[in-house]
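Q: Here my numbering runs 613 ahead of the position in the sequence shown, where the first position is 1.
Just so you know, even glycine gets a beta-carbon here, dropped at the ideal spot from N, CA and C.
Please read all numbers here as calculations on a predicted model, not as lab measurements.
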Amino acid sequence: MLRFWSGGCYKREALDVAGVPRTSLFHVALGLSVMAEGVLVIVIDCLRADHVSAHGYDRETTPTLDGLARGGLLWEHAHSVSSWTKPSVTSMLTGLYPTEHGAFEGIKRSKGKLAATTDILQSNAPTLAESFAAAGWRCGAFINNAQLGEFSRLNRGFHVYDPSAGKADRILDSLGKWLDQERGARTFTYLHFLEAHWPYKPRRRHMQEFGGDRDTNYFRDFSARDFGKLRQAIARKEAKITEDQLTQMIRMYDAAVRRLDGKIKLAMKAIDERGLRDKMAVFVTADHGEEFMDHGRIGHGQSVYDELTHVPLVASIPGGACGVRHANPVSHVNLAKTLLAVGGVDNEMPGVDLTGEVDTDAPVFAELRVGRRYVHSVRKGRWKLHRTYKFQPQDGELDRSAGIGRLIDECPHKVHIELYDTVMDRSEREDLSGDTQYESVGRMLLDELDGWWRKVSSSAVEHDSYEIDDSLEERIRALGYVD
Ligand SMILES: [Zn+2]
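1. Under a Cβ-count criterion, where at least 16 other Cβ atoms within 10 Å of its own Cβ denotes burial, should G1064 be classed as buried or exposed?
2. Helix, strand or coil for A1091, going by three-state DSSP, please let me know.
3. Using C-beta distances below 6 Å, list every residue in its chain close to T802, excluding the 5 sequence neighbours before and after it, in chain order.
4. For a minimum of 4 consecutive residues, which ranges assigned as the alpha helix (DSSP H) are wholly contained in the region 898–951?
5. Ligand 1 heavy atoms versus the CB of D900: any closer than 7 Å?
6. Measure the alpha-carbon distance for G685 versus I854 and round it to whole angstroms.
7. From what residue to what residue does the beta strand (DSSP E) around W791 run?
8. What would DSSP say about R1042, mapped onto helix, strand or coil?
9. Can you tell me whether M893 is buried or exposed, with buried defined as 16 or more other CB within 10 angstroms of its CB?
10. Within its chain, find whatever has a CB closer than 7 Å to the CB of Q1007; leave out the 5 residues flanking it on each side and keep chain order.
11. Give me whichever residues DSSP pairs with Y774 in a beta bridge.
12. Let me check understanding here. Comparing Cα to Cα, which of W996, R1042, H805 lies closest to H690?
13. Counting C-beta neighbours from all protein chains within 10 Å, is the total for A880 16 or more, i.e. buried, or is it exposed?
14. Apart from the five residues on each side of it in sequence, which residues of its chain come closer than 6 Å, Cβ to Cβ, to T677?
15. Classify I1081 as helix, strand or coil using the three-state DSSP reduction.
16. Use the C-beta contact count for E1041: other C-beta atoms within 10 angstroms, 16 or more gives buried, fewer gives exposed.
17. Given a cut-off of 8 Å on the beta-carbon distance, is the pair L921 and H901 in contact?
18. Would you check whether ligand 1 has a heavy atom nearer than 7 Å to the C-beta of W1066?
19. Between R1013 and G719, what straight-line distance do the alpha-carbon atoms span, to the nearest angstrom?
20. Anyone know if the C-beta pair for A649 and G956 falls short of 8 Å?
21. Spatial neighbours of E1086 within its chain, please: CB distance less than 7 Å, with the 5 preceding and 5 following residues excluded, ordered by chain position.
22. Assuming contact is defined by CB atoms lying nearer than 8 Å, are P976 and H692 in contact in what I supplied?
23. What does the alpha-carbon distance come out to for the pair M865 and T1035?
24. Where L998 and D885 are concerned, what is the direct C-alpha to C-alpha distance, given to the nearest angstrom?
25. Does the distance from the C-beta atom of Q794 to that of T698 stay below 8 Å?
26. Quick one: Cα of R910 to Cα of A848, how far?
27. For the region 985–993 against the region 929–938, are there 3 or more C-beta pairs whose distance is under 8 Å?
28. Would you kindly work out how many angstroms separate the C-alpha atoms of R766 and G669, rounded to a whole number?
29. Where does K1027 land, buried or exposed, given buried means 16+ other C-beta within 10 angstroms?
30. Any chance the region 770–785 sits against the region 823–843, with 3 or more Cβ pairs inside 8 Å?
31. Examine chain D for any beta-carbon lying closer than 8 Å to the beta-carbon of S990, and answer yes or no.
32. Tell me, which residues are paired with W688 by DSSP?
33. Hey, how far is the Cα of I1021 from the Cα of D1060?
34. Roughly how many whole angstroms lie between the Cα atoms of Y1094 and G914?
35. Apply the 10 Å Cβ neighbour rule to N830 and answer buried if 16 or more other Cβ atoms are within range, or exposed otherwise.
36. Quick one: measure Cβ to Cβ for I784 and F806, integer angstroms, because I've assumed they're closer than 8 Å.
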């Protein structure tokens, strides 16, 4: 039986003299600061924060994450930078916003061009793994998501980069082998699990635990493509989903999350068994969330509302704090800086260390570009403002290789603004932007957004694209991404 995994944090039981933890006294006496000798990042594709029990969800979906949070840190309002895999993970691994790193859109097929292309990280952007590698760390990534193949350039700096690492059990197997192979070295390891992404494959007992029956579930035999087609049909208002079907879909997702949480427990066990428990910092998060008709759609990649950008962020850091919950909004754009700081690696990565002193009032930004639409948002305190641009090229054809800054400057467009009070209206349903009572709040947020936009758009990149072959296109489509 795996014991409660606390990663050697300051525990109340460990208090010794006048409330000062022993580990702290030890390190103060030796003039040492606590640095992890290993950093492990676990990304659970599609896990929205409000379906995590540590975040207050009423189903016990994530006992392992809950245990990690009790023994470490939890950021209650962590936000991904975008709402689908590629732009979001690229931001996590570079500390840049999509406008800056350029990995914005998925499969693109321009008129007159036979080959499809996809956006990739701009060629000269430094990566997190490069910083770790330059400091002598060994870097390994084991990923199950075709969007993050070597073509994405996210492999830069990794000594081992496996974007086809397979299902959770295979990833765990690779993790064990990697840790054995690198025994004694400082390691940065990135794991990316896809089991909370459709098609959901829950266990019968978890479905029953959550009040359902796997075998009679409407979506039991849905493939990723079936979900993708349903998503598209709902978006086009060609299909509807009943309340009962939605309940079943959510139950299936929750049960899939519960099953995957069991695999995270095995990852912790692998660390434990190798004696790395007190040496390795572990961060668990998601690249984005998942929508269940919160704003009339299913899936992800369609907006930057909270169901898609509010993600869990839990960390267990050797010698770190225990059971601390941070309430201020934070962004994934600071993850790279944070991981390097935890490993004690000097770096030039942009951002701030979330485990250090932070401005708790700092705004958090997100952005998404899909075809003719671009949206960015700012959250500050309880307020959140979205600004959406709809491009209307005069000749009907949009230059999809143009950086978003150039499009805004040169292409005719309409702008739409929404404002929400996320305390009174957590699900962002009641748009306050037209209410004069909130005019000054709206202006304050627009100033924040404009200031941020000036900064990121000054380093905006034209899109670097990769011409994708049939087999890659097939693998991406197999995830359920249809045009
Ligand atoms: Zn994803």
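A: From the atom records:
1. The residue in question, G1064, is exposed, as its Cβ has fewer than 16 Cβ neighbours within 10 Å.
2. When secondary structure is reduced to three states using DSSP, A1091 falls in the coil class, being assigned neither helix nor strand.
3. So the list reads L653, G753, once near-sequence residues are dropped.
4. Considered as a whole, the region 898–951 harbours 919–922 as its complete alpha helix (DSSP H) runs of no fewer than 4 residues, in chain order.
5. With a cutoff of 7 Å, D900 counts as near ligand 1, since its C-beta is closer than that to a heavy atom of the ligand.
6. The alpha-carbon of G685 is positioned some 40 Å away from that of I854.
7. Under the DSSP assignment, W791 falls outside any beta strand (DSSP E), being part of the alpha helix (DSSP H) whose first and last residues are 781–794.
8. It is coil, neither helix nor strand.
9. So M893 ends up on the buried side.
10. Within the same chain, Q1007 has close Cβ partners P1025.
11. As computed with DSSP, Y774 is found in a beta bridge with A754.
12. Of the listed residues, the one whose Cα sits closest to H690 is W996.
13. By the 10 Å Cβ count, A880 comes out buried.
14. Closer than 6 Å at the Cβ level, and outside the excluded window around T677, lie D874, I877, K878.
15. Assignment of I1081 by DSSP, reduced to helix, strand and coil, places it in the strand class.
16. Its Cβ being crowded by 16 or more others within 10 Å, E1041 is buried.
17. Yes; because the gap between Cβ atoms is below 8 Å, this pair is in contact.
18. For ligand 1, not one heavy atom lies less than 7 Å from the Cβ of W1066.
19. Here the alpha carbons of G719 and R1013 stand approximately 11 Å from one another.
20. A distance below 8 Å separates the beta carbons of A649 and G956.
21. Annotation for E1086: I720, A729 place their beta carbon closer than 7 Å to its own, counting only its chain and skipping 5 residues before and after.
22. Remark: C-beta atoms of P976 and H692 do not approach each other more closely than 8 Å.
23. Distance between the alpha carbons of M865 and T1035 is about 27 Å.
24. L998 and D885 have their C-alpha atoms roughly 43 Å apart.
25. Their beta carbons are not under 8 Å apart, which means Q794 does not touch T698 by this criterion.
26. For the pair R910 and A848, the Cα-to-Cα distance works out to about 6 Å.
27. No, the region 985–993 does not touch the region 929–938.
28. Our two residues, R766 and G669, have alpha carbons roughly 37 Å apart in a direct line.
29. A residue is called buried once 16 or more other Cβ atoms fall within 10 Å of its Cβ, and K1027, having fewer, is exposed.
30. Not touching, per the Cβ criterion.
31. Absent from the structure: chain D. Only one protein chain is present.
32. When DSSP reads this structure, W688 sits in a beta bridge with H939.
33. I1021 and D1060 have their C-alpha atoms spaced approximately 18 Å apart.
34. C-alpha separation (whole angstroms): 10 Å.
35. N830 counts as buried, since at least 16 other C-beta atoms from the protein chains shown sit within 10 angstroms of its C-beta.
36. With a Cβ gap of about 6 Å, I784 and F806 count as contacting.
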